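Chemist:
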Amino acid sequence: MNLTNFSTYYDFRSTLHTNRLVGLWRMMADFRPYYLLAAISLAVSAMAKTAGFFLLRYFADNVLAGTGSSLPFSLNLTQFLIAIALGFMGLALVEGGFAYFSGRLAAFTAEGVTRRLRNFLFDHIQRLNFSYHSKTKTGDLIERCTSDVDALRRFFSQQAIGVGRIILLFVVNFIALLSLHTGLAWFSIISLPFILLITVWFFKQITKRYEDYQEQEAVLSTTLQENLTGVRVVKAFANQNYEIGKFEKDNLEKFRRGKLLLITHSLYWPLSQFVLGIQLLAGYIFGALLTINAEITVGTYLAYSGMVIWLLWPIQNLGRLIVDTSAGMVSYTRIMAITKQIREPLSDGKVSPAGPLKGEIVFEDVSFKYSDGSAEVLNSISFKVKPGQTVALLGSTGSGKTSLVNLLPRFHEYSNGKIMLDGVDLKDYSRKYLRRQIGIVEQEPFLFSRSIRENISYGLGRDIRGDEIEAAAKAAAIHEDIISFPDGYSTLVGERGVTLSGGQKQRVTIARILLKNPRILIFDDSTSSVDMDTEAEIRAALNRLMEGRTTFIIAHRIQTVMNADLILVLNKGNIVQKGSHKELIVQKDSIYRQMFDIQTRIDEELEIEVSQAK
Ligand code: M5T
Ligand code: MG
Numbered sequence: 173m174n175l176t177n178f179s180t181y182y183d184f185r186s187t188l189h190t191n192r193l194v195g196l197w198r199m200m201a202d203f204r205p206y207y208l209l210a211a212i213s214l215a216v217s218a219m220a221k222t223a224g225f226f227l228l229r230y231f232a233d234n235v236l237a238g239t240g241s242s243l244p245f246s247l248n249l250t251q252f253l254i255a256i257a258l259g260f261m262g263l264a265l266v267e268g269g270f271a272y273f274s275g276r277l278a279a280f281t282a283e284g285v286t287r288r289l290r291n292f293l294f295d296h297i298q299r300l301n302f303s304y305h306s307k308t309k310t311g312d313l314i315e316r317c318t319s320d321v322d323a324l325r326r327f328f329s330q331q332a333i334g335v336g337r338i339i340l341l342f343v344v345n346f347i348a349l350l351s352l353h354t355g356l357a358w359f360s361i362i363s364l365p366f367i368l369l370i371t372v373w374f375f376k377q378i379t380k381r382y383e384d385y386q387e388q389e390a391v392l393s394t395t396l397q398e399n400l401t402g403v404r405v406v407k408a409f410a411n412q413n414y415e416i417g418k419f420e421k422d423n424l425e426k427f428r429r430g431k432l433l434l435i436t437h438s439l440y441w442p443l444s445q446f447v448l449g450i451q452l453l454a455g456y457i458f459g460a461l462l463t464i465n466a467e468i469t470v471g472t473y474l475a476y477s478g479m480v481i482w483l484l485w486p487i488q489n490l491g492r493l494i495v496d497t498s499a500g501m502v503s504y505t506r507i508m509a510i511t512k513q514i515r516e517p518l519s520d521g522k523v524s525p526a527g528p529l530k531g532e533i534v535f536e537d538v539s540f541k542y543s544d545g546s547a548e549v550l551n552s553i554s555f556k557v558k559p560g561q562t563v564a565l566l567g568s569t570g571s572g573k574t575s576l577v578n579l580l581p582r583f584h585e586y587s588n589g590k591i592m593l594d595g596v597d598l599k600d601y602s603r604k605y606l607r608r609q610i611g612i613v614e615q616e617p618f619l620f621s622r623s624i625r626e627n628i629s630y631g632l633g634r635d636i637r638g639d640e641i642e643a644a645a646k647a648a649a650i651h652e653d654i655i656s657f658p659d660g661y662s663t664l665v666g667e668r669g670v671t672l673s674g675g676q677k678q679r680v681t682i683a684r685i686l687l688k689n690p691r692i693l694i695f696d697d698s699t700s701s702v703d704m705d706t707e708a709e710i711r712a713a714l715n716r717l718m719e720g721r722t723t724f725i726i727a728h729r730i731q732t733v734m735n736a737d738l739i740l741v742l743n744k745g746n747i748v749q750k751g752s753h754k755e756l757i758v759q760k761d762s763i764y765r766q767m768f769d770i771q772t773r774i775d776e777e778l779e780i781e782v783s784q785a786k
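Here is the structure:
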């Protein structure tokens, strides 16, 4: 048994099936031979147990009852007793040894299947499109990738193998019982139909309750995840009590559903125990009558009374297993809901030029709306940019600036019109190529909880030398900040390391993009949350970054956009003004003119205040 014999990745999309048991069966894939081996080991173990009862019968009838005056192999009584004892010990060894072997195999297969499943899910989720991620709750996704995968692990290690074990135990013991006495054997399973009926009913109930339970668990982990991520907002609004109350309410609901699940679960055991208890008793009485009437020997009766327990035990456990299996099936459905999602094709476009782009961009009547939204976010947007030019986007919040630039790397697909890049329809480019060519400094930069060095060299697909990273950091005006941290470039970001300010994060991202060296640059800076000095530094860094690239810059400050070749003023998804600073500034009463006037007035007032303070 060696995991290296198995590929660590398996495409679980091929296991999708409307029948969940078929789906689970498919999930076992390459591991099936091991399951078979595990089942065979169990069969051997079961047979050893049953053989023990035959030995018991032989012992009782030939020694205890004193009928066998001649012992085999001309052994004397002591030797014979020792042989019998050795026989029992041997059988116990076989039984235990094979049960252990089967357990090992089951553990191996279950861990193997779920390891692949986790790998697959992570890989798959990375490839889903943006709209899936924006409409899915992270907590729910995490829940499905952890708790549900774990339920499947239990299914594969216990239930899948357990069903095999139980069926084998039942079959072996039933055949053995038949060999003892046919009538008695059939009489011993007379309650089977009742048990099966009870089981089916419980199975349905528990499946439903388990579904409810898992659903609520997802609600809870979403609440937890959102509160952890949004802890600043909660604290800023001093809203802890509300959030705690909400969590308690959700938790109470989980408690309620969990209780219901467990009650149903724990009802099954005594109920089936009761039916089987009566069955057992009836069998013992019937067997006793047969013995009294000398239809069977005392040894047979003894063997029967041991064996019948091992016949009924599997029946009862089969029920419980089937009931537990419902958890596996529910989790299968929940995981398949992710697996079903269509991936974003990274290399669907035919065009994937070997060299870099020139960077000429033409928007022709482009309209766009989010798949989950009803209103158009962009309306017939048209403009042209020559290679190396800079386009500035201005507009109130929610006017569609970020949405517009996000069309370029094909994060979303526009509904109408056309975007041409170097004379080729954007939709003809492969997404992978586009994303290599476009660098984005996002509105809310995200850094990984890794070192600053790793964050700067993230996703470049090649080894980056230390001096390259440093040069980029210097150009992005972040080098000084970094060396002031305790571990310099090795300082960890986030939970276990330093927490960077918004402006610092932005500059780390700029350094990253400098190294990426894309032909098209998008700078989405709606926050402007930095002080004047830093802003000047960032602007200088940005100017270095913009050189020779087609650049889209989103900003609120006129100074940042004044030098752009083309300024687009957006309002509710429409371009309301278009032109250079010179052209726009002369348009009296226009939005641009108003913004300019307000901002220069504020700046002047500031200057006066500053000079007075001196
Ligand atoms: C433009 C809506 C949003 C707004 C409009 C991201 C996103 C946005 N919207 C959706 O319906 N679904 C979404 O997933 O689209 O949004 P924007 O482009 O982000 O606006 P902006 O960048 O100009 O605003 P800001 O605040 O960054 O300056 O109506 O509801
Ligand atoms: Mg935005």
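When you read off a place in the sequence shown, starting at 1, and then add 172, the result is the number in the working numbering. Just so you know, even glycine gets a beta-carbon here, dropped at the ideal spot from N, CA and C. In this text, all values refer to a predicted model and were calculated from it rather than measured experimentally.
1. Quick one: what's ARG515 bridged to in DSSP?
2. With THR401 as the anchor, note down where its alpha helix (DSSP H) starts and where it stops.
3. Since I believe LEU565 is in contact with LYS556 (beta carbons under 8 Å), could you give me their beta-carbon distance rounded to a whole number of angstroms?
4. Identify which residue in THR732, GLU626, TYR504 and ILE494 has its Cα closest to the Cα of ILE339.
5. Determine contact between the region 471–483 and the region 387–405, defined as no fewer than three beta-carbon pairs at a distance below 8 Å.
6. DSSP on ILE591, reduced to helix/strand/coil?
7. Between the alpha carbons of ARG608 and TYR630, how many angstroms are there, rounded?
8. Closest to ALA215 by CA distance: which of ASN551, GLY269 and VAL741 is it?
9. Between SER575 and the ligand M5T, is the CB less than 6 Å from at least one heavy atom?
10. With a CB to CB cut of under 7 Å and the five nearest residues on each side skipped, what residues in its chain are close to THR636?
11. Alpha carbon to alpha carbon, how far is PHE302 from PHE280? Give it in angstroms, no decimals.
12. Could you check if GLN451 is buried or exposed, using at least 16 other CB atoms within 10 Å of its CB as the buried criterion?
13. Determine which residues share a DSSP beta bridge with SER539 and list them.
14. Hey, would you say THR187 sits closer than 7 Å to ARG204, going by beta carbons?
15. Please determine, among HIS584, VAL335 and LEU461, the residue with the shortest C-alpha to C-alpha distance to LEU490.
16. The ligand M5T heavy atoms versus the CB of THR569: any closer than 6 Å?
17. Return the CA-CA distance between ILE297 and GLU516, expressed in angstroms with no decimal places.
18. Less than 6 Å between the CB of ALA678 and some heavy atom of the ligand MG, yes or no?
19. Out of ARG428, TYR272, PHE226 and PHE292, state which residue places its alpha-carbon closest to the alpha-carbon of SER213.
20. For the ligand NAP, is there a heavy atom less than 6 Å away from the beta-carbon of GLY674?
21. Please classify TRP373 as buried or exposed, where buried requires at least 16 other C-beta atoms within 10 Å of its C-beta.
22. If you follow the alpha helix (DSSP H) that ASP639 is part of, which residue opens it and which one closes it?
23. Provide the residue(s) that pair with LEU565 in DSSP beta bridges, ordered along the chain.
24. Between the alpha carbons of LEU253 and VAL235, how many angstroms are there, rounded?
25. By the three-class DSSP mapping on this structure, what secondary structure does ARG249 have?
26. VAL596 to ASN191, Cα distance in whole Å?
27. Along the beta strand (DSSP E) that carries ASP696, what are the first and last residues, could you check?
28. Hey, is VAL613 close to the ligand M5T, as in C-beta under 6 Å from one of its heavy atoms?
29. Since ASP597 sits in a beta bridge, which residues does DSSP pair it with?
30. Check for me: the alpha helix (DSSP H) holding LEU550 runs from which residue to which?
31. Considering Cα atoms alone, identify which of GLY560, PRO658, LYS599 and SER673 is closest to LEU693.
32. If you draw a straight line from the C-alpha of ILE682 to the C-alpha of LEU619, how long is it?
33. Are the region 535–546 and the region 585–592 touching, with three or more C-beta to C-beta distances below 8 Å?
34. Cβ of TYR764 within 6 Å of any heavy atom in the ligand M5T?
35. Indicate, with yes or no, if the ligand M5T has a heavy atom lying under 6 Å from the CB of TYR542.
36. Give me the Cβ distance between PHE695 and THR723, rounded to the nearest whole Å; I'm assuming they're in contact under 8 Å.
Modeler: On the basis of the supplied data:
1. For the purposes of this step, residue 515 is identified with residue 343 of the sequence shown, where counting begins at 1. Within the DSSP bridge table, the entry for ARG515 names LEU300 as partners.
2. On the sequence shown, residue 401 is found 229 positions in, with the first residue counted as 1. Its alpha helix (DSSP H) spans residues 364–401.
3. Stepping through the sequence shown from its first residue, residue 556 is reached at position 384. Stepping through the sequence shown from its first residue, residue 565 is reached at position 393. Rounded, the Cβ-Cβ distance is 15 Å, inconsistent with contact.
4. Here residue 339 corresponds to residue number 167 of the sequence shown, with the count starting at 1. When each option's Cα is compared against that of ILE339, the closest is ILE494.
5. no
6. As a first step, residue 591 must be located in the sequence shown, where it is residue number 419. Here ILE591 sits in strand by DSSP.
7. Translated into positions along the sequence shown, residue 608 becomes position 436. Translated into positions along the sequence shown, residue 630 becomes position 458. Their Cα atoms are separated by approximately 12 Å.
8. In the sequence shown, counting from the first residue as 1, residue 215 sits at position 43. When each option's Cα is compared against that of ALA215, the closest is GLY269.
9. Residue 575 sits at position 403 when you count from the first residue of the sequence shown. The answer is yes for SER575.
10. Reading the sequence shown from its first residue, position 464 is the one you call residue 636. In the sequence on display, residue 636 carries Ile and not Thr. Counting only Cβ-Cβ distances below 7 Å, and skipping sequence neighbours, we find SER629 and LEU687.
11. The residue labelled residue 280 in the question sits at position 108 within the sequence shown. The residue labelled residue 302 in the question sits at position 130 within the sequence shown. Going from the Cα of PHE280 to the Cα of PHE302 covers about 36 Å.
12. Reading the sequence shown from its first residue, position 279 is the one you call residue 451. Burial call: buried.
13. The residue you call residue 539 lines up with position 367 of the sequence shown. Paired residue(s): ASN588.
14. Here residue 187 is taken as the residue at index 15 of the sequence shown, counted from 1. Here residue 204 is taken as the residue at index 32 of the sequence shown, counted from 1. Going by C-beta atoms, THR187 is not nearer than 7 Å to ARG204.
15. As a working note, residue 490 is residue 318 in the sequence shown. Nearest option by C-alpha distance: VAL335.
16. The sequence position of residue 569 within the sequence shown is 397, counting from 1. Because some heavy atom of the ligand M5T lies under 6 Å away, the Cβ of THR569 counts as near it: yes.
17. Indexing the sequence shown from 1 puts residue 297 at position 125. Indexing the sequence shown from 1 puts residue 516 at position 344. A direct Cα-Cα distance of roughly 10 Å separates ILE297 from GLU516.
18. Looking up residue 678 in the sequence shown gives position 506. Note that residue 678 is Gln in the sequence shown, not Ala. For GLN678, the distance from the CB to the nearest heavy atom of the ligand MG is not below 6 Å.
19. Translated into positions along the sequence shown, residue 213 becomes position 41. Of ARG428, TYR272, PHE226 and PHE292, the residue nearest in Cα terms is TYR272.
20. The ligand content of the structure shown is limited to the ligand M5T and the ligand MG, which means the ligand NAP is not among them.
21. The residue labelled residue 373 in the question sits at position 201 within the sequence shown. The residue in question, TRP373, is exposed, as its Cβ has fewer than 16 Cβ neighbours within 10 Å.
22. As a position in the sequence shown, residue 639 is number 467, starting the count at 1. Where ASP639 is concerned, the enclosing alpha helix (DSSP H) stretches over 638–647.
23. Within the sequence shown, numbered from 1, the residue matching residue 565 stands at position 393. Looking at the DSSP assignment, LEU565 forms a beta bridge with ILE726 and LEU740.
24. The sequence position of residue 253 within the sequence shown is 81, counting from 1. The sequence position of residue 235 within the sequence shown is 63, counting from 1. Taking the straight line from one Cα to the other gives about 9 Å.
25. As a working mapping, residue 249 is identified with position 77 in the sequence shown. Checking the sequence shown, residue 249 turns out to be Leu, not Arg. Three-state DSSP puts LEU249 in a helix.
26. Position 424 of the sequence shown, counted from the start, is the residue given in the question as residue 596. Position 19 of the sequence shown, counted from the start, is the residue given in the question as residue 191. So the two alpha carbons sit approximately 46 Å from each other.
27. On the sequence shown, position 524 is the one that residue 696 refers to. From DSSP, the beta strand (DSSP E) with ASP696 extends over 692–696.
28. For this step, residue 613 is matched to residue 441 along the sequence shown. False, no ligand heavy atom lies under 6 Å from that Cβ.
29. Stepping through the sequence shown from its first residue, residue 597 is reached at position 425. MET592.
30. Position 378 of the sequence shown holds residue 550. Not the alpha helix (DSSP H): LEU550 falls in the beta strand (DSSP E), residues 550–557.
31. Walking along the sequence shown from the start, residue 693 turns up at place 521. Of the listed residues, the one whose Cα sits closest to LEU693 is GLY560.
32. Your numbering for residue 682 matches position 510 in the sequence shown. Your numbering for residue 619 matches position 447 in the sequence shown. One C-alpha to the other measures close to 12 Å.
33. Contact holds: three or more Cβ-Cβ distances are below 8 Å.
34. Numbered from its first residue, the sequence shown carries residue 764 at position 592. Every heavy atom of the ligand M5T is 6 Å or more from the Cβ of TYR764, so no.
35. Mapped onto the sequence shown, residue 542 falls at position 370. Yes, Cβ of TYR542 sits closer than 6 Å to a heavy atom of the ligand M5T.
36. In the sequence shown, residue 695 corresponds to position 523, counting from 1. In the sequence shown, residue 723 corresponds to position 551, counting from 1. The Cβ separation is near 7 Å, so the contact holds.
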